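Enquirer: Each residue of the sequence shown is one higher than the one before, starting from 6 at the first, in the numbering used here. Where a beta carbon is used, it is the ideal one built from N, C-alpha and C, also for glycine. Remember, predicted model here, so these are calculated numbers, not experimental data.
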Amino acid sequence: MYEYELHRFRSAELRRTAQRERLAREAVRARRAARRAEHAGNGTPAAESHTDRPRRLRPARTA
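Printed below as a string of structure tokens:
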């Protein structure tokens, strides 16, 4: 009976740890999404990073 109780205790602890890690990952994702939404609305170059045109023309490199 003692081993079974230890098993249940460890199992419950693993579940609690996994839940905390899931919550932490979810918080990180939410912060990233908020940051992206904040930058995307400003018309910054980061918001236009996937367009087909270059942001600025660069002079040719000299040898």
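#1: Pull up the distance between the alpha-carbon of Arg27 and that of Ala35, whole angstroms please.
#2: Report the rounded CA-to-CA distance for Glu31 versus Ala68, giving the unit in angstroms.
#3: Taking 9 Å as the CB-CB limit, is Arg37 close to chain C?
Expert: Inspection of the coordinates gives the following:
#1: The straight-line gap from Cα to Cα measures roughly 12 Å.
#2: 50 Å
#3: Included in the structure is just one protein chain, with no chain C present.
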